[in-house]
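**Student:**
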Amino acid sequence: MEKLEETHMQQKRGRRLVLIPLPFQGHINPMFQLANILHSRGFSITIIHTHFNSPNPSNYPHFTFEPIADGLSGSEAETTDLVALVATLNINCVTPLRDCLARLLSNNSEEPISCIISDAGFHFTQSVADSLKLPRMVLRTGCVLTFVAFAAYPLLLQKGYLPIQVAHYHLPCINFQDSRLEEPVPELAPLKVKDIPVSNTRDPEILYQLVASVIKETKSCSGLIWNSFEDLEESALTTIRKQYPAPIFPIGPLHKCSPASTSSWLIEDQTCLAWLDTQAPRSVIYVSFGSIASMDETEFVETAWGLVNSMQPFLWVVRPGSIRGSKWIEQLPDGFLEKIKGRGHIVKWAPQQEVLAHPAVGGFWSHCGWNSTLESICEGVPMLCRPWFGDQMMNARYICDDWRVGVQMENGLKRGEIERAIRRLMVEREGEELRERIITLEEKMEICLKKGGSSYECLGNLVSYILSF
Ligand code: UDP
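Using my numbering, the final residue of the sequence shown is 1173, and nothing's skipped along the way.
Next comes the structure, spelled out in structure tokens:
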């Protein structure tokens, strides 16, 4: 065994991997975690990235960075139509990526490139890799079930489940008037129609085209890496193994095997950790809706009152710009900050993994982004789910109905609903049961990362596989 690892180390010396993240926080984080893991296994790492949402190279002195032109105009870069934005990047980046890779390949002083590892959302990287005869692996940063759902889009369209009427993506994304929304989708159990992953865009055809291209090019890739683990998504992984010819590597949760480092764009406010130190064990509800979701003024004020009326201590991340029409928290009612002194703490951005690991945190009110979901499971913190768009509805269904480690708030943001949901999670017996179940899930996750565990073994297989190129 040791001899084998030694041989691997020798083979890896002088092998370079080129990683290409999709430029959004929830995609950058797992891609950099993967980069760290593979670097610690002996590979050299080059990150090719767009100027748009460019990462900070000084956080990663052990990597090489290659920026490429993304051709986005000012208005394209500022759009809230993420589907259209990703579709545009998939067109604009083709030539810059090809030129960049061709230059790296012709540079004799560089180590040979074993393969590229691209975010699944950058489907154009497959044709570029093919044209340069480079193997392309794919990292999918969301849950496995989203891919099963994406592959089922043609069927969902044919059966009339799609299109779902969605509001503008940062509004509550479901039109509750639609009578079919509560129907189960037997082809995608345990999902209901309203959980199908969709994001609003000016033209649904752009979404369908993008999804179709992502699925097609992922089927052509040389291997598929998932930030998930066997015990969490056994059924979806079984389906995926039947649908995709390439080897499948569920090696997550990535942040648990990656050396600590930050790929945050915003500065993490460390003061909240000292504030948490002053609170009783498991008493605090941590509230964060990730890096993209936003709300209107009414929802913001309802959330503020719901938190206060719940009588639970809370740590609330309000990202600057996430309240539409405001810079930050100026829409809070007069006297609000006085009222919550000692019991509530508001920050612009938190060191989330450390917050969730803090003994004072007893619950996480989340938008159910996949990274947040995994981070909560890894710290055994039960969740209050309020998804916004994309795969978040699906993640929330998993959390509440499949793993049963959270409660879902399904009727919009109203102070009474919020207060009631927080008390269910933080005070009532139901919350205790959720906690017991998520701790069991956390234990399964720990086992899968240990020697002999599924993710641990899969990572070893991934390294051997890359060495075989
Ligand atoms: N995050 C953070 N501080 C915050 C809020 C979020 O570091 O105050 C991190 C969080 O730990 C996670 C990522 O931002 O890794 C958000 O990714 P997720 O998939 O949960 O949601 P998205 O931002 O993509 O909607």
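Heads up, the beta-carbon is just placed ideally off N, CA and C, and yes, glycines get one too.
Would I971 and W1053 qualify as a contact pair, given that the criterion is a beta-carbon distance under 9 angstroms?
**Tutor:** Their beta carbons are under 9 angstroms apart, which means I971 touches W1053 by this criterion.
**Student:** Ignoring anything shorter than 3 residues or poking outside the region 1073-1126, list the beta strand (DSSP E) runs there in chain order.
**Tutor:** Segments of the beta strand (DSSP E) lying fully in the region 1073-1126: 1087-1089, 1110-1112.
**Student:** When you compare only the Cα positions, how much space is there between R720 and P759?
**Tutor:** Using only the alpha carbons, I get a separation of about 20 angstroms.
**Student:** Taking 8 angstroms as the cut-off, is the CB of Q729 close to at least one heavy atom of the ligand UDP?
**Tutor:** Yes; taking the cut-off as 8 angstroms, the Cβ of Q729 has a heavy atom of the ligand UDP nearer than that.
**Student:** DSSP three-state call for Y857: helix, strand or coil?
**Tutor:** Here Y857 sits in helix by DSSP.
**Student:** Just to check my reading of the structure: G1048 and W1020 have Cβ atoms closer than 8 angstroms, yes? What is that Cβ distance to the nearest angstrom?
**Tutor:** About 7 angstroms separates the two Cβ atoms, so the contact holds.
**Student:** What residues in its chain sit with their C-beta under 6 angstroms from that of M1097, if we drop five residues either side in the sequence?
**Tutor:** Correct list, in chain order: D899, P1091.
**Student:** Hey, out of F1040, Q1056, D1038, G1010, whose CA is closest to R1023's CA?
**Tutor:** Nearest option by C-alpha distance: Q1056.
**Student:** Could you check the C-alpha separation between L786 and V915 for me, to the nearest Å?
**Tutor:** Cα to Cα, the separation comes out at about 13 angstroms.
**Student:** Who are the Cβ neighbours of S987 in its own chain at under 8 angstroms, not counting the five residues just before and after it?
**Tutor:** Contacts found: Q1016, P1017, A1064, G1066, M1130.
**Student:** To the nearest angstrom, report how far apart L1088 and L726 are at their CA atoms.
**Tutor:** In a straight line, the C-alpha of L1088 is about 28 angstroms away from that of L726.
**Student:** Bridge partners for V988 per DSSP, in chain order?
**Tutor:** DSSP output for V988 lists V1065 as bridge partner(s).
**Student:** Going by the CB atoms, is the gap between L977 and E1058 shorter than 9 angstroms?
**Tutor:** Contact: yes.
**Student:** When the Cβ atoms of the region 796-806 are set against those of the region 767-774, are three or more pairs found closer than 8 angstroms?
**Tutor:** Because the criterion of three Cβ pairs below 8 angstroms is met, the region 796-806 and the region 767-774 touch.
**Student:** For a quick check, are the C-beta atoms of L809 and I817 less than 9 angstroms apart?
**Tutor:** A contact, by the Cβ cut-off of 9 angstroms.
**Student:** Where does the unbroken beta strand (DSSP E) through T750 begin, and where does it stop?
**Tutor:** T750 -> beta strand (DSSP E) spans 748-754.
**Student:** Can you tell me where the alpha helix (DSSP H) with H959 in it begins and where it stops?
**Tutor:** Note, H959: alpha helix (DSSP H), 958-961.
**Student:** Any idea what DSSP makes of K946, helix, strand or coil?
**Tutor:** It is helical.
**Student:** Indicate whether F953 and L1166 have their beta-carbon atoms separated by less than 9 angstroms.
**Tutor:** The answer is yes: Cβ separation under 9 angstroms.
**Student:** Which word fits I724, buried or exposed, when buried means at least 16 other C-beta atoms lie within 10 angstroms of its C-beta?
**Tutor:** By the neighbour-count rule (16 or more Cβ atoms within 10 Å), I724 is buried.
**Student:** To which residues of the same chain is L958 closer than 6 angstroms at the C-beta, ignoring the five residues directly before and after it?
**Tutor:** Closer than 6 angstroms at the Cβ level, and outside the excluded window around L958, lie P734, Q737, L738, N931.
**Student:** Identify which residue in G1029, V1005, V790 has its Cα closest to the Cα of D1038.
**Tutor:** Out of G1029, V1005, V790, V1005 has the C-alpha closest to the C-alpha of D1038.
**Student:** Could you tell me if the beta carbon of Q1057 falls within a distance shorter than 8 angstroms of some heavy atom in the ligand UDP?
**Tutor:** At least one heavy atom of the ligand UDP is nearer than 8 angstroms to the Cβ of Q1057, so yes.
**Student:** Starting from P734, follow the alpha helix (DSSP H) in both directions and report where the run begins and ends.
**Tutor:** 729-744 is the span of the alpha helix (DSSP H), which, as asked, contains P734.
**Student:** Say yes only if the C-beta of W1074 is nearer than 8 angstroms to one or more non-hydrogen atoms of the ligand UDP, and no if none qualify.
**Tutor:** Result yes, Cβ under 8 angstroms from the ligand UDP.
**Student:** Tell me the DSSP bridge mates of E770?
**Tutor:** Its beta-bridge partners are I752.
**Student:** Any heavy atom of the ligand UDP closer than 8 angstroms to the Cβ of H1049?
**Tutor:** Incorrect: H1049 has no Cβ contact closer than 8 angstroms to the ligand UDP.
**Student:** Where does the unbroken beta strand (DSSP E) through C819 begin, and where does it stop?
**Tutor:** Here the beta strand (DSSP E) through C819 covers 817-823.
**Student:** In the DSSP assignment, what residue or residues form a beta bridge with L723?
**Tutor:** I751, I821, per the DSSP bridge assignment.
**Student:** Tell me the residue span of the alpha helix (DSSP H) that contains L1171.
**Tutor:** From DSSP, the alpha helix (DSSP H) with L1171 extends over 1158-1171.
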